[in-house]
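>
There are 2 protein chains.
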Amino acid sequence: MALYSSKLIEEAVREISSLPGIGKKTALRLALFLLKAPKEHTERLTSALCKLRAATQYCRHCHNVSDEAVCSICTNSNRDGSVICVVESVQDVLAIENTGQYKGLYHVLGGVIAPVEGIGPDQLQINSLIQRVQEVQPQEVIFALSATIEGDTTVFYITKKLKGCAVKASTIARGVAVGGELEYTDELTLGRSIVSRVAYP
Amino acid sequence: MALYSSKLIEEAVREISSLPGIGKKTALRLALFLLKAPKEHTERLTSALCKLRAATQYCRHCHNVSDEAVCSICTNSNRDGSVICVVESVQDVLAIENTGQYKGLYHVLGGVIAPVEGIGPDQLQINSLIQRVQEVQPQEVIFALSATIEGDTTVFYITKKLKGCAVKASTIARGVAVGGELEYTDELTLGRSIVSRVAYP
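Chains as they are written, first to last, in this note's numbering: chain G, 51 to 251; chain S, 51 to 251.
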């Protein structure tokens, strides 16, 4: 166990290293950086974190993080309300937004069904999705979940629940990455790309 | 540029990613982790950082970080006051403390002389070291600086200044790491380890 000459440093290192992916050494480096930097630096950082935790909400409709009760994507009248893209996490919303290729709405599940980890449908925003589809009646629901057994199970579960609704369900394409070489693509992906081949128009 | 659906997230990500070695993606992951974790987690983290920045001082004698005006190493009567180990940074003090092999005092320079980066002797705690040696009159000063041109220059500069004092100067041994294989040791280190060979007693 490291012996810190200062209790304050010890406490700061303990708290910083409780963040995911940050060890004791990195935590110490960050603590010493803040000590050397102007006081305002620490003040800006801590106030941003406090405000983040105190004021951020989850959007009532899509469960994305938001400053208001309804997020800026759901309230944006320029977005196509007839399509809902189902994703696992807030990061996935950002990733899709950054492609600039999607103008519809989102629904953040908060994960996928994983019985091994004790995550069932009730821990996720699945019921609120079904309810939302029934109320809003979109034309299409696009699933953009992980291509894993858990992801596929979740899609299967939700599509079964959506049977009664007149909504088209689709999933994002799986295949060889753009610019990717066949030689280095894993067998599962390459196999899937052959099965899901696209005909030239 | 990433489009965050929340201004608060955007601000938090900007502040977190201003820390060294943390990019936008890691910052977002940390921000979302804090959002999901209990509120107390963020409170403990921010209060530790605020206290760290507000209450930490630099020891009047050795310039190590400290909770008081004089650090716990300098006030510890069990430590050997006749030896002073000169190091570059607070991290180096921790590294040497963790070996459990040193029971003397320290002196943190805050860097090494590096004219290229504009760091001269006056930006470092060199004058206070000379003064301390003259006042306290230790038996030995051990230099534990980087084995670089800058480190060697700093040792040369300080030993020249210490000429008048009746104090032994030494430097930590450079050589092949314990458990290290000769084959993978760089030539400079291996060369130095032959020149500084130790006779069997």
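Glycine residues also receive a C-beta, built at the ideal position from the N, C-alpha and C atoms.
Remember, predicted model here, so these are calculated numbers, not experimental data.
If you measure from the beta carbon of residue 65 (chain S) to each beta carbon in chain G, is any gap under 9 Å?
For residue 65 (chain S), the answer is yes, since a Cβ of chain G falls inside 9 Å of its Cβ.
> What separation, rounded to the nearest whole angstrom, lies between the Cα atoms of residue 58 (chain G) and residue 102 (chain S)?
When rounded, the distance between both Cα atoms is 5 Å.
> For residue 240 (chain S), I'd like the list of residues in its chain whose CB is within less than 7 Å of its CB, leaving aside the five on either flank, ordered along the chain.
Same-chain partners within the cutoff: 226, 232.
> For a quick check, are the C-beta atoms of residue 212 (chain S) and residue 159 (chain S) less than 9 Å apart?
Their beta carbons are not under 9 Å apart, which means residue 212 (chain S) does not touch residue 159 (chain S) by this criterion.
> Enumerate, from N- to C-terminal direction, the unbroken alpha helix (DSSP H) stretches of 4 or more residues contained entirely within the region 138-223 of chain S.
With a minimum length of 4 residues, the continuous alpha helix (DSSP H) runs that stay inside the region 138-223 of chain S are 140-149, 176-186, 199-211.
> For residue 51 (chain G), which residues in the same chain have their Cβ closer than 8 Å to its Cβ, ignoring the five residues on either side in sequence?
Here the model assigns residue 51 (chain G) a pLDDT of 44, short of 50, so the residue's position is not dependable, and the following value carries that caveat. Nothing listed; no residue qualifies.
> Using a Cβ-Cβ cut-off of less than 7 Å, give me the residues of the region 104-131 of chain G that come near chain S, in sequence order.
Within the region 104-131 of chain G, the qualifying residues are 105, 106, 114, 115, 116, 117, 121, 122, 123.
> So what's residue 135 (chain G) in DSSP terms, helix, strand or just coil?
If DSSP states are grouped into helix, strand and coil, residue 135 (chain G) belongs with the strands.
> Could you tell me which chain S residues have their CB closer than 7 Å to the CB of residue 138 (chain G), listed as they occur along the chain?
Those within 7 Å of residue 138 (chain G) in chain S number zero; the least Cβ separation is about 12 Å.
> Using a C-beta cutoff of 9 Å, does residue 147 (chain G) count as contacting chain S?
Chain S contact via Cβ: present.
> What's the gap between the Cα of residue 246 (chain S) and the Cα of residue 237 (chain S)?
Those two C-alpha atoms are separated by around 14 Å.
> For residue 107 (chain S), which residues from the same chain have a beta carbon less than 8 Å from its beta carbon, with the 5 sequence-adjacent residues on both sides left out?
Around residue 107 (chain S): 115, 116, 117, 118, 119.
> With DSSP as the reference, identify every bridge partner of residue 108 (chain S), one or two as the case may be.
Looking at the DSSP assignment, residue 108 (chain S) forms a beta bridge with S:115.
> Alpha carbon to alpha carbon, what distance is there between residue 187 (chain G) and residue 132 (chain G)?
Computed Cα separation, rounded: 8 Å.
> So, is the C-beta of residue 101 (chain S) closer than 9 Å to a C-beta in chain G?
Judged by the 9 Å Cβ criterion, residue 101 (chain S) is in contact with chain G.
> Taking Cβ positions only, does residue 71 (chain G) come closer than 9 Å to chain S?
Residue 71 (chain G) counts as touching chain S.
> Classify residue 124 (chain S): buried if its beta carbon has 16 or more other beta carbons within 10 angstroms, exposed otherwise.
Counting Cβ neighbours within 10 Å, residue 124 (chain S) comes out buried, since at least 16 surround it.
> If the cut is a Cβ gap below 9 Å, which residues of chain S does residue 153 (chain G) touch?
The contacting residues do not exist; residue 153 (chain G) stays about 13 Å from chain S at best.
> List the whole-angstrom C-beta distance separating residue 81 (chain G) from residue 62 (chain G), where the pair is believed to meet the contact cut-off of C-beta under 8 Å.
4 Å between Cβ atoms; contact.
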